[in-house]
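Trainee:
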Amino acid sequence: MSPLEEKSLTIELVPGKLHFNIIGIIGNITNDLENIQSFYIAAEDKNDGLIDIKEIKKDDLNSFELYFPISVKDLITVRFHLFVQFKDIKFDYKQSSSMSQLERKLRRVGFVENVVELHDIKKWHNKPESIDQKLSKKSQSNPFKRLLQILEPDIPDIYGIKVEICYTSNEEEALVGHKSVQSMKELKNWLNVRENTYKEFFQGYLNIKGHNLKFCTHLWKRRYVQWNGYDFILFNVYTQEEVGIVNFKQHLKTISVQAVDVTDKNFLKDNLIRINVDDGFFELHFDNQKAYQKCLSAAEHLFGRIHKIKNW
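Under full-length UniProt numbering, think of the first position of the sequence shown as 1, with each following residue one higher.
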């Protein structure tokens, strides 16, 4: 088990972040749209009030994503309210700071409520889940507003929303490292990086040489290597001292890999993997096919496509 993997077993789940990504409205939304300008979804903490509000343009109803990252310090109840804006109503949602302001200008269709407890946090921890959530309809208690609603245009028959939910721990985000996540796509990319960070790809002996890199020279050197996640660590085979480390995560955009399809017949001649990094490269030469295939599989997993060549 790698040091990062051991650390991950003791992380604190809370505080952290709930990631809600609303990706669809469920209902007969093609009807009664003539008098509607926009839809809005407002996120509300039941205790602290309005968190955020986002707009869905009428023309985007068939394909949209609204991403709501919500900080969690304790158990929390999050509501998502669906509103419509009629064409004759002037409204700037960026100037709205409370639910009461929204209700004065917009027509509420309904809301969904997420009472998030510890078992939910554990279920969604690093595991995005897609859910269809039913809207609760709240009747208007104010008789004057109820009368006004009767006079308003009809609205589509909407009865739910489609939402993706995931939870991440602040401590684990700091452990793995990440840039600010701005969408569910970026979150899923981070989750992939997190998973790769904990993998032990290879431990063993190999020969290495390279060009224009600090951790190797143009001469073949025998090294003991630990390939844990994105870290490629080299040790002196006699003293066991660390002599170099490559953090592949810092170079992902510039890395490409070249290799030959190796069999029993050509292993001695072609068992070499070249990894191009920035303006340099390094080459790995192996004692056996098992070690070769392990490192080739690791490279393909982390970096994607391997450029296959006929021979070296």
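Where a beta carbon is used, it is the ideal one built from N, C-alpha and C, also for glycine.
Can you tell me which residues form a DSSP beta bridge with L302?
Mentor: For L302, which the question treats as bridged, DSSP gives no partner whatsoever.
Trainee: What residues match up with D261 in a beta bridge as DSSP calls it?
Mentor: BP columns for D261 are empty, so no partner.
Trainee: Taking the straight line between their C-alpha atoms, what separation do you get for L151 and P15?
Mentor: Only weak support exists for where L151 lies, its pLDDT of 49 falling under 50; the coordinates are left without a value.
Trainee: Hey, out of G280, K57, N31 and V72, whose CA is closest to N47's CA?
Mentor: Out of G280, K57, N31 and V72, V72 has the C-alpha closest to the C-alpha of N47.
Trainee: Any chance the segment 160-175 sits against the segment 202-210, with 3 or more Cβ pairs inside 8 Å?
Mentor: Flag = no, the segment 160-175 and the segment 202-210 do not touch.
Trainee: With DSSP as the reference, label Y238 as helix, strand or coil.
Mentor: Of the three classes helix, strand and coil, the one that applies to Y238 here is coil, per DSSP.
Trainee: Rounding to the nearest angstrom, what Cα-Cα distance links C216 and R222 in this structure?
Mentor: So the two alpha carbons sit approximately 11 Å from each other.
Trainee: Taking only three categories from DSSP, how would you classify V163?
Mentor: Here V163 sits in strand by DSSP.
Trainee: Does the segment 271-282 come into contact with the segment 237-256, if we say contact requires no fewer than three beta-carbon pairs (one atom in each stretch) closer than 8 Å?
Mentor: Yes, they touch.
Trainee: At which residues does the beta strand (DSSP E) containing D45 begin and terminate?
Mentor: Per DSSP, D45 belongs to the beta strand (DSSP E) from I36 to D45.
Trainee: Using a Cβ-Cβ cut-off of 8 Å (strictly less than) and excluding sequence neighbours within five positions of Y292, which residues of its own chain qualify?
Mentor: These residues qualify, in order along the chain: V262, F267, N271, I273 and F286.
Trainee: Work out the CA separation of V78 and G27 for me, nearest whole Å.
Mentor: Distance between the alpha carbons of G27 and V78 is about 22 Å.
Trainee: Evaluate I245 with the Cβ neighbour count: other Cβ atoms within 10 Å of its Cβ, from every protein chain shown; 16 or more gives buried, anything less gives exposed.
Mentor: Result: exposed.
Trainee: Is K17 closer than 8 Å to Q37 when the C-beta atoms are compared?
Mentor: No, the Cβ-Cβ distance between Q37 and K17 is not below 8 Å.
Trainee: W227: which of R107, I41, K294 and Y93 sits nearest, CA to CA?
Mentor: Per the Cα distances, K294.
Trainee: Rounded to whole angstroms, what is the Cα-Cα separation between I23 and F64?
Mentor: Rounded to the nearest angstrom, the two C-alpha atoms are 6 Å apart.
Trainee: Write down the C-beta distance between V260 and A299 rounded to the nearest angstrom, noting that I regard them as a contact closer than 8 Å.
Mentor: No, V260 and A299 are not in contact; Cβ-Cβ is about 13 Å, not under 8 Å.
Trainee: Identify, in the order they occur along the chain, each residue of the same chain with its Cβ nearer than 7 Å to the Cβ of Y159, setting aside the five sequence neighbours on each side.
Mentor: These residues qualify, in order along the chain: I26, G27, K134 and L135.
Trainee: For the beta strand (DSSP E) that Q85 lies in, which residues bound it at each end?
Mentor: Here the beta strand (DSSP E) through Q85 covers I76 to F86.
Trainee: For V115 and K310, what's the separation of their Cα atoms in angstroms?
Mentor: Each residue's alpha carbon lies about 58 Å from the other.
Trainee: Would you list the residues sitting across from L272 in a DSSP beta bridge?
Mentor: DSSP lists H285 as partners of L272.
Trainee: Suppose you measure from the CA of D154 to the CA of Q101; what does that come to, to the nearest Å?
Mentor: C-alpha separation (whole angstroms): 22 Å.
Trainee: Does the Cβ of T239 have 16 or more other Cβ atoms within 10 Å, making it buried, or fewer, making it exposed?
Mentor: Classification for T239: exposed.
Trainee: My guess is that F232 and Y224 are in contact by the Cβ rule of under 8 Å, so how many angstroms apart are they, rounded?
Mentor: About 12 Å; that fails the 8 Å criterion.
Trainee: Helix, strand or coil for N228, going by three-state DSSP, please let me know.
Mentor: N228: strand per DSSP, three-state reduction.
Trainee: Can you list, in chain order, the residues of its chain whose CB lies under 7 Å from that of L191, leaving out five sequence neighbours each side?
Mentor: Excluding residues within five positions, the ones whose Cβ falls inside 7 Å are N126.
Trainee: Ignore the nearest five residues each way along the sequence and tell me which others in I89's own chain have a CB closer than 8 Å to its CB.
Mentor: Here the set comprises Q37, K105 and L106.
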